[in-house]
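Undergrad: Residue numbers (our numbering): 36 to 326.
(1) Let's test the definition: count the other Cβ atoms within 10 Å of the Cβ of residue 196 and tell me whether it reaches 16, buried, or not, exposed.
(2) Using 8 Å as the threshold, is the C-beta distance between residue 180 and residue 152 below it?
(3) CA-CA distance, residue 103 and residue 240?
(4) Let's see if you can read the secondary structure: which residues bound the alpha helix (DSSP H) around residue 148?
(5) For residue 309 and residue 96, what's the separation of their Cα atoms in angstroms?
(6) Taking only the alpha-carbon atoms, compute the straight-line gap between residue 72 and residue 126 and give it to the nearest angstrom.
(7) I need the DSSP call for residue 36, collapsed to helix, strand or coil.
(8) On the DSSP bridge assignment, give the partners of residue 295 in chain order.
(9) Name the DSSP bridge partner or partners of residue 95?
(10) So residue 159 and residue 119 are supposed to be a Cβ contact under 8 Å. How far apart are they, rounded?
(11) Alpha carbon to alpha carbon, how far is residue 272 from residue 293? Give it in angstroms, no decimals.
(12) Here's the rule: buried if 16 or more other CB atoms are within 10 angstroms of the residue's CB, otherwise exposed. What is residue 150?
(13) Ignore the nearest five residues each way along the sequence and tell me which others in residue 161's own chain have a CB closer than 7 Å to its CB.
(14) Just how far apart, CA to CA, sit residue 74 and residue 62?
(15) Would residue 123 pass as a contact of residue 68 if the rule is Cβ separation under 8 Å?
(16) How many angstroms separate the CA atom of residue 130 from the CA atom of residue 263?
(17) For the region 37-46 against the region 179-194, do three or more pairs of beta-carbon atoms, one drawn from each stretch, fall closer than 8 Å, so that the two count as touching?
(18) What is the DSSP secondary structure of residue 274, counted as helix, strand or coil?
(19) Decide if residue 148 is buried, meaning its Cβ has at least 16 other Cβ atoms within 10 Å, or exposed.
(20) Start and end of the beta strand (DSSP E) containing residue 126?
Put into structure tokens, the structure is as follows:
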């Protein structure tokens, strides 16, 4: 029996609707400042999609194009003290080869961090701290890893006690996703494009959940390497395995198919994070007024 194709679009719409209702109950609209420092077509397209989605749920956004590393640093740091701005979002990869992306991720103020990639928010994730210190406000976590976890939860796929393989070690996806699975009781094997093919296939054969995110089209494994009934999620824009053949063995599968892909849930998780940051901002303001 072919694998169940996971409906990412429906899961995303569920969260978009929830965020819209929550924001309508707030006294002011959130405002997010977005920074585009790249000519990458994917980032250009994503910025347009994100702004449209933000507007639909009640989030105002401002997109600024940035030309130098110093300008990007200045603009990111300025959001920390700008009371008009609820959060900021940087589209990666950036176009400054002399500075790695994570250097800018570390600069983002934790209480304005829509992506959940700042040093402080990653620290919370590592130590499984679910709220901002001193408050009951939920802390933000990286959007795409959170999307993967939410997709699994929607289909009732257990994580605790499962063997998981992640084929990506990036700061924005593979590393935080590994920590999330660890926190939820899974045993995780982290691989990447440099992992020996035989080793990768060995790990996949024993995995209950496989998440791939290799940015080039490649056949990492085939149906003979997939554990019957396993869940296979591809977060890349291109295929990382033969979809038809793997679908004959897997229990659940997710890959890019028109509008049905994990990126839809990633955008939804960004709106969820904006809601969390807005609640933190309002909580912080209320505490200031009572002191």
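Beta carbons: idealized from backbone N, C-alpha and C, even for Gly.
These numbers were taken from a predicted model, which means no experiment stands behind them.
TA: So, from the data block:
(1) On the chain shown, residue 196 is found 161 positions in, with the first residue counted as 1. By the 16-neighbour rule on beta-carbons within 10 angstroms, residue 196 is exposed.
(2) Stepping through the chain shown from its first residue, residue 180 is reached at position 145. Stepping through the chain shown from its first residue, residue 152 is reached at position 117. Not in contact: residue 180 and residue 152 (Cβ atoms no closer than 8 Å).
(3) Here the question's residue 103 lines up with position 68 in the chain shown. Here the question's residue 240 lines up with position 205 in the chain shown. Taking the straight line joining both Cα atoms gives about 46 Å.
(4) Translated into positions along the chain shown, residue 148 becomes position 113. Where residue 148 is concerned, there is no enclosing alpha helix (DSSP H), given that its DSSP letter is neither H nor E.
(5) Counted from its first residue, the chain shown places residue 309 at position 274. Counted from its first residue, the chain shown places residue 96 at position 61. Distance from the CA of residue 309 to the CA of residue 96, rounded to the nearest whole angstrom, comes to 11 Å.
(6) On the chain shown, position 37 is the one that residue 72 refers to. On the chain shown, position 91 is the one that residue 126 refers to. If you draw a straight line from the Cα of residue 72 to the Cα of residue 126, it is about 7 Å long.
(7) Numbered from 1 along the chain shown, position 1 holds the residue referred to as residue 36. Note: residue 36 maps to coil in three-state DSSP.
(8) What you label residue 295 is simply residue 260 of the chain shown in a count that begins at 1. 292.
(9) Numbered from 1 along the chain shown, position 60 holds the residue referred to as residue 95. Under DSSP, residue 95 forms a beta bridge with 66.
(10) The sequence position of residue 159 within the chain shown is 124, counting from 1. The sequence position of residue 119 within the chain shown is 84, counting from 1. So it is not a contact: roughly 25 Å between Cβ atoms.
(11) Walking along the chain shown from the start, residue 293 turns up at place 258. Walking along the chain shown from the start, residue 272 turns up at place 237. Taking the straight line from one Cα to the other gives about 11 Å.
(12) As a first step, residue 150 is located in the chain shown; it is residue number 115 there, counting from the start. Burial check for residue 150: the Cβ neighbour count within 10 Å reaches 16 or more, so the residue is buried.
(13) Taking the chain shown and counting its residues from 1, the one referred to as residue 161 is at position 126. Closer than 7 Å at the Cβ level, and outside the excluded window around residue 161, lie 214.
(14) Taking the chain shown and counting its residues from 1, one reaches residue 74 at position 39. Taking the chain shown and counting its residues from 1, one reaches residue 62 at position 27. Distance between the alpha carbons of residue 74 and residue 62: 37 Å.
(15) Looking up residue 123 in the chain shown gives position 88. Looking up residue 68 in the chain shown gives position 33. For the pair residue 123 and residue 68, the CB atoms are nearer than the 8 Å cut-off.
(16) Position 95 of the chain shown holds residue 130. Position 228 of the chain shown holds residue 263. In a straight line, the C-alpha of residue 130 is about 42 Å away from that of residue 263.
(17) Yes, since at least three Cβ pairs between the region 37-46 and the region 179-194 fall closer than 8 Å, the two stretches touch.
(18) On the chain shown, position 239 is the one that residue 274 refers to. Judged by DSSP in its simplified three-state form, residue 274 adopts coil rather than helix or strand.
(19) Within the chain shown, the letter at position 113 stands for residue 148. Flag for residue 148 reads buried.
(20) Position 91 of the chain shown, counted from the start, is the residue given in the question as residue 126. Segment 122-126, the beta strand (DSSP E) holding residue 126.
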